[in-house]
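Colleague: Shown below is the structure under consideration.
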Amino acid sequence: MMTPSDFFPAISPEMARERFLIKDASWAERFKENFNQFIIAPLEYSWPVIKLPLPPSRTRNHALIVVESGQVDVTVGHQAYTLRSQELVIVPALQIFTIHAIREDSIGFMSFISQELLLTTSGESDFDFLKLTGNPHVTLPDAQTHYVKTILNRLVIDYQESGAARTDLIRPYLLALFAEINRVYVGTITATTDAGDRLVQRFMDLLTIRIRETRSASQFADWLNVSPNHLNKVVKSRTGKSPSVWIDERVVLEAKVLLFQSDLTVTQIAQEMGFSDPSTFGKLFRKYAQMSPTAFRNQYVDATFE
Numbered sequence: 077m078m079t080p081s082d083f084f085p086a087i088s089p090e091m092a093r094e095r096f097l098i099k100d101a102s103w104a105e106r107f108k109e110n111f112n113q114f115i116i117a118p119l120e121y122s123w124p125v126i127k128l129p130l131p132p133s134r135t136r137n138h139a140l141i142v143v144e145s146g147q148v149d150v151t152v153g154h155q156a157y158t159l160r161s162q163e164l165v166i167v168p169a170l171q172i173f174t175i176h177a178i179r180e181d182s183i184g185f186m187s188f189i190s191q192e193l194l195l196t197t198s199g200e201s202d203f204d205f206l207k208l209t210g211n212p213h214v215t216l217p218d219a220q221t222h223y224v225k226t227i228l229n230r231l232v233i234d235y236q237e238s239g240a241a242r243t244d245l246i247r248p249y250l251l252a253l254f255a256e257i258n259r260v261y262v263g264t265i266t267a268t269t270d271a272g273d274r275l276v277q278r279f280m281d282l283l284t285i286r287i288r289e290t291r292s293a294s295q296f297a298d299w300l301n302v303s304p305n306h307l308n309k310v311v312k313s314r315t316g317k318s319p320s321v322w323i324d325e326r327v328v329l330e331a332k333v334l335l336f337q338s339d340l341t342v343t344q345i346a347q348e349m350g351f352s353d354p355s356t357f358g359k360l361f362r363k364y365a366q367m368s369p370t371a372f373r374n375q376y377v378d379a380t381f382e
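Using our numbering, the first residue of the sequence shown is number 77, and each one after it goes up by one.
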């Protein structure tokens with residue numbers, strides 16, 4: 077089975093810096109040695125230089141946004157979140173996300189972390205929220221808020237002093253940070269989900285990793301070992317949208333990433349997404365994005381290079 081990394085581009089923090097940020101007097105101070113591996117900054121220090129709203133994007137690193145106060149509006153995959161006090165999102169590497177807005181009084185942290193820094197001695201990362209289909213949103217109780225804030229402040233100091241060079245210090249702090257978050261995350265997992273909820277989750281899992289292979293709801297039903305009618309009934313009753321709509325929306329979301337993060341032509345992107353006729357792709361894109369693929373690309377190209 078193919079994964080998103082096999083056929084969709086993911087940008088590095090260095091590429092994101094060039095595309096998403098305004099170059100200011102503190103540029104050199106912001107980007108320390110090896111920042112492609114790890115970078116962290118207080119949210120109030122970050123938001124003034126981000127070109128908001130960001131287009132849908134996919135990065136090679138995990139992204140962490142923690143809000144102490146204020147408000148941050150983000151979308152991870154198809155799900156929109158409004159983050160307020162003591163809330164965070166963890167965007168797994170290769171997941172599509174965008175930052176829509178950061179309120180000017182917001183306080184918190186923003187960090188991008190390579191997968192390598194989170195590997196344990198066994199060579200694996202055991203955090204379920206780092207899976208592409210995990211729930212990225214966590215609300216922290218008071219105790220965990222204190223622990224998480226303490227670790228993040230320590231990481232900011234280490235990054236300001238030596239960038240990402242001291243992995244012997246950064247890795248233990250990161251593992252402790254994610255262990256605290258995981259303690260909360262595990263406690264929020266509902267053990268009483270029924271068969272319908274599990275089917276919807278399995279469908280969403282497949283949608284994330286197999287969208288390039290087919291746009292057929294019947295094929296997804298076949299992979300899930302259920303009838304197309306049953307899949308349609310369950311998904312629509314639980315989410316308000318049919319599997320076909322979810323598939324179309326995911327196609328458009330993936331296409332948006334390709335339009336911004338690749339040099340492929342619109343025709344090539346249509347082919348990558350399984351359309352033999354570019355005009356059919358264009359009609360679908362306009363239906364959900366309210367603009368043509370070319371117009372979508374141009375609005376962000378113009379904004380990026382102003």
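Every residue, glycine too, gets a C-beta built ideally from N, C-alpha and C.
When the Cβ atoms of the stretch 161-170 are set against those of the stretch 112-124, are three or more pairs found closer than 8 Å?
Modeller: no
Colleague: On the criterion of 16 or more Cβ atoms from any shown chain inside 10 Å, does ARG274 qualify as buried, or is it exposed?
Modeller: exposed
Colleague: Between SER190, VAL148 and LEU130, which has its C-alpha nearest ARG179's C-alpha?
Modeller: VAL148
Colleague: Would you kindly report the start and end of the unbroken alpha helix (DSSP H) that includes MET280?
Modeller: Its alpha helix (DSSP H) spans residues 271-286.
Colleague: Less than 8 Å between the CB of GLU330 and some heavy atom of the ligand COA, yes or no?
Modeller: Because no ligand of any kind appears in the structure shown, any question about the ligand COA cannot be addressed here.
Colleague: Near ARG326, which residues of its chain fall below 8 Å by C-beta distance, leaving aside the five closest residues on each side in sequence?
Modeller: Excluding positions up to five away in sequence, the list reads HIS154, LEU283, THR284 and ILE287.
Colleague: Under DSSP, the beta strand (DSSP E) around VAL143 begins and ends at which residues?
Modeller: 138-145
Colleague: Could you tell me which of PHE114, THR370 and THR151 sits nearest to ARG136, measuring between CA atoms?
Modeller: PHE114
Colleague: Do ASP234 and TYR223 count as a contact pair if the criterion is CB distance below 9 Å?
Modeller: Judged by their CB atoms, TYR223 and ASP234 are not nearer to each other than the 9 Å cut-off.
Colleague: Would LEU194 and HIS138 be called neighbours here (beta carbons separated by less than 9 Å)?
Modeller: yes
Colleague: Would ASN308 and SER292 qualify as a contact pair, given that the criterion is a beta-carbon distance under 9 Å?
Modeller: no
Colleague: Taking LEU130 as the reference, which of THR215, PHE357, ASN112 and ARG93 has the closest Cα?
Modeller: Nearest to LEU130 by C-alpha distance, out of THR215, PHE357, ASN112 and ARG93, is ARG93.
Colleague: Return the CA-CA distance between ASN258 and LYS359, expressed in angstroms with no decimal places.
Modeller: 42 Å
Colleague: Taking all protein chains shown into account, decide if GLY263 is buried (16 or more other Cβ within 10 angstroms of its Cβ) or exposed.
Modeller: exposed
Colleague: What is the DSSP secondary structure of GLY350, reduced to helix, strand or coil?
Modeller: coil
Colleague: Using the Cα positions of ASP270 and LYS312, report the straight-line distance between them to the nearest angstrom.
Modeller: 16 Å
Colleague: Tell me where the alpha helix (DSSP H) around PHE336 begins and ends.
Modeller: Counting along the chain, the alpha helix (DSSP H) containing PHE336 begins and ends at 319-337.
Colleague: Could you spell out the range, first to last residue, of the beta strand (DSSP E) harbouring ALA156?
Modeller: 155-159
Colleague: Report back the beta-carbon spacing between ILE172 and PRO132 to the nearest angstrom; my notes put them in contact at under 8 Å.
Modeller: Yes, ILE172 and PRO132 are in contact; Cβ-Cβ is about 5 Å, under 8 Å.
Colleague: Ordered along the chain, which non-local residues of its own chain (more than five positions away) have a Cβ less than 8 Å from that of THR370?
Modeller: VAL342
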